[in-house]
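Protein sequences, first through last, are from chains A and B.
Per this note's numbering, numbering of the first sequence is gapless, rising by one per residue and ending at 469.
Per this note's numbering, numbering of the second sequence is gapless, rising by one per residue and ending at 298.
Data block below; observations after.
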Amino acid sequence: MKKKVLAVLMTSVMAASVLVGCGGSAAPAAEAPAAEAAEEAPAEEEAPAEEAAEEPAAEVAAPAGDVDYEPCTIKFDWWGGDSRHEATQKAVEAFEAKYPGIEVEVNFGAWTDWETARALEYQAGNGSDVTQIGSNWIPDYDGDGKTFIDLNTVSDVLDLTQFNASDLEKCLDPVGQQAGVPISMTGRIFYWNKTTFDKAGIDYPKTIDELIEAGKTFQEVLGDEYYPLELGEYDRALFMSFYMQAKKGEPIILEDGTLNVTEEELADGLAFIQSLEDNHVIPTIATLAGDGNVTLNENPKFIDGRYAGVFEWDSAPLKYTSNIAEGQELVVGEELDFGEAVKGSSAKVSMAFAICASSQHPHEAAMLIQYLLNDPEGIMIMASERGVPASKIGFDTLNDAGQIDPLIAAAHEGVYAADPMFFSPRFDNGELKGDGAAYIDVFSGLSYGDYTVEDAASILFDAYSNVCE
Amino acid sequence: MANTQTKSLSQAEANLRRQRIISLVLRYTVLIVVGVIMLYPLVWMVGATFKNNNEIFTSMNPIPFNPTLDGYKAAMENYGGAINIWKAMLNTYSYVIPEVIFTIISSVLTAYGFGRFKFKGHDLLFSAMMAMLFLPQVVLNVPQYIMFNNFGWIGSRLYLPLVVPTLFATETYFIFMLIQFLRNVPKDLEEAASIDGCNVMQTLIQIIVPMLMPAIVSCALFKFMWSSNDFMGPLLYVNTPAKYPATIFVKLSMDSDAGFNWNKILALSLISILPSIIVFFAAQNQFVEGISAGGVKG
């Protein structure tokens, strides 16, 4: 008897547990019934799913807008923060309203591990129809041109003439197809804490000599804690590339992926970076490590103005201005003049949209991209959430409406005023840029005194050679 | 004579009492100091949910200088109605609870098999299983993703890629722990049960499981914590905002490009760890017993 009772009890507990499992997920599923139909159909059942999606076609008598399309469901993913999520979701809703019958399933998240998850999707042939990619994703994941479609095939709906030819060129894949369309271009520029420079009694630097002079003035007038500029390992690598490019007059990695720098030139560049540390222009890596494991915009010494300069993307000043202590003012500087014919700065695609080759509806996916980048309605909703638009109509629409933050607009102008060179995505390759990769190894090793300039140059040269042709 | 004796006796008593008080004060001082040091980060975190970024990075003081509720207000954001923190937590537990239950059932069965039965290939299989203990999850990501993709389970509304593997005793550590525990359960009990007419499964359910209870609770708690904290799994296999669990939701606004408000993240973290803390306190006694018993006897 007792055994039976126990058995019944066990069974009911098991049943209950199964129900709990179902119940939790059934509730949210019911709230999104529309998305469910497409979602639940596994890959093998592609055909019936499409049929189901096509059914409303008959009901939608005349699609709005001036392009033909068939009602369908497309997937769209991006990474970002709250405001970008919000703006993009609104834009997607407006797109769905403008083109009834096209349904957009979105997937968004933070940057952390986002690339890993998307890379797996691309590899498994499971990527979203429209996907937001970083500048180095094209060479990294589309080396054979089979991951993303050639956007020229959909140029009837996606107006590629709105983009600079040179910007489009940066989104070609190794086999020469237009794998992506640039959303925004970005380059590094200097932001200076005007309050601290005023306190030191000098203007912010415009040439390298003025910068080195500022290092001395800061030490004498304000004290050892004060530095005119802060550079982490990756910042150093970039600033060094500006220096070498100014000397050479050419990009350090050419557009076809060949390395355009010798070990001696690297040694010269590294010695230059080291001289900045020695001249009290930038804090040592050890000093930065001592500030705690924080990014610069979260570093108390930056917040209260002891580090008075930042070398940052033109699109990213707001994370600094929002954190800086009250009473401090951050202004945009200029690309530094190394006393050469060119300034040596470079600009890259900060992110792009691509259409996965696995997409069943590339035409409609291209319509979505067109709406987000080139349709004034979509442009206004997206605003500058993905940086200053690379699309001409995008930039004009936003600029006329005063939608671009003045600091970002000024920084963007500053980057373009210096006539930036080609910035190879290979420069950001994981072997160079990642945790424990070459940049961190070389620049911290050099700063800590573990490497001589020659050792560091040889390690860096090998690392560059590995990722270049 | 008698007087002096009582006097010295009471003096000794007073001495003893004084010693006791001193040791009490000492012990509590040490406990309080260490307790404060241990709890400080948690207290700071709670305080920081009421601060703005500027203050978070510059002040060690757990009490906010300019308290603000913005963090909690922002934490209630619902991303166009797609998802909010409560729904995200519900999502989390809708796969964590089945995962815990299935893990326990499958691990107990496997441990029972390895611990009590000798069969062909027992040793080989056991060492193969132990070897799995050293296999990091990262190396499994790609093959598993491809496999689940072939099954059509990616983006499954029932979180199949997360839940189904737990049916197959994938948590080697628990099996190992349960086997160690099982060694200390006398076989006489099972023999007595079989004499009384229990079959193998009845012996397991009625004799072994009650004896293993402290260890099972520990395993359940571990699994509960690990699953609730899992970030990579849901990131790979969940691709609709409405199904995001809390781990993904908390990170949604952490954009390193544009910067973000830490008070929101901290407020979200605080809200989302509350259930775990409650579960832990509810099962604390059993949990500690399970860990220490396993440690001493194993």
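Just so it is clear, CB atoms sit at the ideal spot from N, CA and C, and this is done for glycine as well.
Just so we're clear, the structure is a prediction, and the values are computed from it rather than from any experiment.
Kindly indicate if chain A contains any beta-carbon less than 8 Å away from that of residue i.
i, result
"ILE146 (chain B)", "yes"
"PHE57 (chain B)", "yes"
"ASN61 (chain B)", "no"
"ASN285 (chain B)", "no"
"MET232 (chain B)", "yes"
"ASN15 (chain B)", "no"
"ASN149 (chain B)", "yes"
Mind pulling the chain A residues with CB within less than 8 Å of residue i?
i, result
"VAL142 (chain B)", "LEU120, GLN123"
Would you say residue i faces chain B, with C-beta separation under 8 Å as the test?
i, result
"LEU306 (chain A)", "With the sequence shown as reference, residue 306 (chain A) is identified as Arg, and Leu is not the correct amino acid for it. Judged by the 8 Å Cβ criterion, ARG306 (chain A) is not in contact with chain B."
"ARG84 (chain A)", "yes"
"ALA411 (chain A)", "no"
"THR112 (chain A)", "yes"
"VAL294 (chain A)", "yes"
"ASN193 (chain A)", "no"
Name the chain B residues that come within less than 7 Å of residue i, Cβ to Cβ?
i, result
"PRO300 (chain A)", "PHE57, THR58"
"ASN136 (chain A)", "The contacting residues do not exist; ASN136 (chain A) stays about 15 Å from chain B at best."
"GLY80 (chain A)", "ASP255"
"ASN479 (chain A)", "Because chain A spans 1 through 469 in this model, residue 479 (chain A) falls outside it and cannot be assessed."
Give the interface partners of residue i over in chain B, defined as CB-CB distance under 8 Å, in chain order.
i, result
"ILE303 (chain A)", "ASN54, PHE57, THR58"
"SER322 (chain A)", "ASN53, GLY259"
"GLN89 (chain A)", "TYR79, GLY80, ALA82"
"ASN399 (chain A)", "By Cβ distance, chain B contributes nothing, its closest Cβ being about 20 Å from ASN399 (chain A), past 8 Å."
For residue i, return the contacting residues in chain A, with the cut-off set at a CB-CB distance below 7 Å.
i, result
"LEU236 (chain B)", "ALA117, LEU120"
Does the ligand PLP have even one heavy atom less than 7 Å from the beta-carbon of residue i?
i, result
"ALA456 (chain A)", "The model on display carries no ligand, and the ligand PLP is accordingly not part of it."
>> Which residues of the segment 153-179 of chain B have a Cβ closer than 8 Å to any Cβ of chain D? Give them in chain order.
In response: Absence of chain D from the displayed structure is noted, the protein chains being A and B.
>> Check whether the segment 74-85 of chain A and the segment 255-270 of chain B are in contact - that is, three or more C-beta pairs closer than 8 Å.
In response: Counting C-beta pairs with one atom in each stretch, the segment 74-85 of chain A and the segment 255-270 of chain B have three or more that are closer than 8 Å, which means they touch.
>> Which residues of the segment 65-80 of chain B have a Cβ closer than 9 Å to any Cβ of chain A? Give them in chain order.
In response: Within the segment 65-80 of chain B, the residues whose Cβ lies closer than 9 Å to some Cβ of chain A are ALA74, GLU77, TYR79, GLY80, listed in chain order.
>> Under 8 Å: do the segment 215-228 of chain B and the segment 94-106 of chain A share three or more Cβ pairs, one atom per stretch?
In response: Judged by Cβ distances under 8 Å, the segment 215-228 of chain B makes no contact with the segment 94-106 of chain A, as fewer than three pairs qualify.
> Taking three-plus beta-carbon pairs below 8 Å as touching, is the segment 348-357 of chain A in contact with the segment 169-186 of chain A?
Replying inline: Counting Cβ pairs under 8 Å, three or more are found: they touch.
>> To be precise: take each residue of the segment 323-347 of chain A, compare its Cβ to all Cβ atoms of chain B, and keep it if any distance is under 7 Å. Which residues remain?
In response: Those residues of the segment 323-347 of chain A that come within reach of chain B (Cβ to Cβ, closer than 7 Å) are ASN323, ALA325.
>> Residues of the segment 84-96 of chain B in Cβ contact with chain A at a cutoff of 7 Å, in chain order, please.
In response: Near chain A, meaning a CB-to-CB distance below 7 Å, the residues of the segment 84-96 of chain B are LYS87, LEU90, ASN91, TYR93, SER94.
>> Restricting to runs no shorter than 3 residues, where is the beta strand (DSSP E) found entirely within the segment 122-200 of chain A?
In response: Here the runs fully enclosed are 130-134, 181-193.
>> So, does the segment 91-107 of chain B touch the segment 331-338 of chain A, judging by three or more C-beta pairs under 8 Å?
In response: At 8 Å Cβ cutoff, the stretches do not touch.
>> For the pair the segment 191-199 of chain A and the segment 273-284 of chain A, tell me if three or more CB-CB distances fall below 8 Å.
In response: No contact exists between the segment 191-199 of chain A and the segment 273-284 of chain A.
>> Measuring CB atoms only, is the segment 91-98 of chain A touching the segment 371-379 of chain A, in the sense that at least three cross pairs come out at less than 8 Å?
In response: The segment 91-98 of chain A makes contact with the segment 371-379 of chain A; the number of CB pairs closer than 8 Å reaches 3 or more.
> Which runs of the alpha helix (DSSP H) spanning at least 4 residues fall entirely within the segment 364-427 of chain A, listed in chain order?
Replying inline: The DSSP assignment places complete alpha helix (DSSP H) segments of no fewer than 4 residues inside the segment 364-427 of chain A at 376-382, 392-400, 406-417, in order along the chain.
>> As an exercise, report each continuous beta strand (DSSP E) stretch of at least 3 residues that is fully enclosed by the segment 82-112 of chain A, in chain order.
In response: Those beta strand (DSSP E) runs which fall completely within the segment 82-112 of chain A and span 3+ residues are 102-109.
> Are at least three pairs of beta-carbons, each pair with one atom in the segment 179-187 of chain A and one in the segment 308-320 of chain A, less than 8 Å apart?
Replying inline: The segment 179-187 of chain A makes contact with the segment 308-320 of chain A: 3 or more CB pairs, one atom from each, lie closer than 8 Å.
>> Output needed in chain order: residues of the segment 268-297 of chain A with a Cβ under 8 Å from some Cβ in chain B.
In response: VAL294, THR295, ASN297: these are the residues of the segment 268-297 of chain A whose beta carbon lies less than 8 Å from some beta carbon of chain B, given in chain order.
>> Measuring CB atoms only, is the segment 185-200 of chain B touching the segment 122-137 of chain B, in the sense that at least three cross pairs come out at less than 8 Å?
In response: Judged by pairs of C-beta atoms under 8 Å, the segment 185-200 of chain B does not touch the segment 122-137 of chain B, as fewer than three such pairs exist.
> What runs of the alpha helix (DSSP H), each 4 residues or longer, lie entirely inside the segment 146-224 of chain B?
Replying inline: Restricted to the segment 146-224 of chain B, the alpha helix (DSSP H) segments that are unbroken, complete and at least 4 residues in length are 160-163, 172-182, 187-195, 200-203, listed in chain order.
> Can you give, in chain order, each stretch of the alpha helix (DSSP H) that sits fully within the segment 196-280 of chain A and has at least 4 residues?
Replying inline: Segments of the alpha helix (DSSP H) lying fully in the segment 196-280 of chain A: 208-217, 233-248, 263-278.
>> Check whether the segment 116-136 of chain A and the segment 351-364 of chain A touch, using three or more Cβ-Cβ pairs below 8 Å as the test.
In response: Segments in contact, yes.
>> Check whether the segment 413-430 of chain A and the segment 130-145 of chain A touch, using three or more Cβ-Cβ pairs below 8 Å as the test.
In response: Segments in contact, yes.
>> Taking contact to mean 3 or more Cβ pairs, one atom from each stretch, closer than 8 Å, check whether the segment 198-209 of chain A and the segment 409-422 of chain A are in contact.
In response: With contact defined as three or more Cβ pairs closer than 8 Å, the segment 198-209 of chain A and the segment 409-422 of chain A are not in contact.
> Are at least three pairs of beta-carbons, each pair with one atom in the segment 71-78 of chain B and one in the segment 238-246 of chain B, less than 8 Å apart?
Replying inline: Cβ pair count under 8 Å is below three, so no.
>> Does the segment 158-174 of chain B come into contact with the segment 102-121 of chain B, if we say contact requires no fewer than three beta-carbon pairs (one atom in each stretch) closer than 8 Å?
In response: The segment 158-174 of chain B, when compared against the segment 102-121 of chain B, does touch it at the 8 Å Cβ threshold.
> When the Cβ atoms of the segment 453-466 of chain A are set against those of the segment 256-271 of chain A, are three or more pairs found closer than 8 Å?
Replying inline: Contact between the segment 453-466 of chain A and the segment 256-271 of chain A is present, with at least three C-beta pairs closer than 8 Å.
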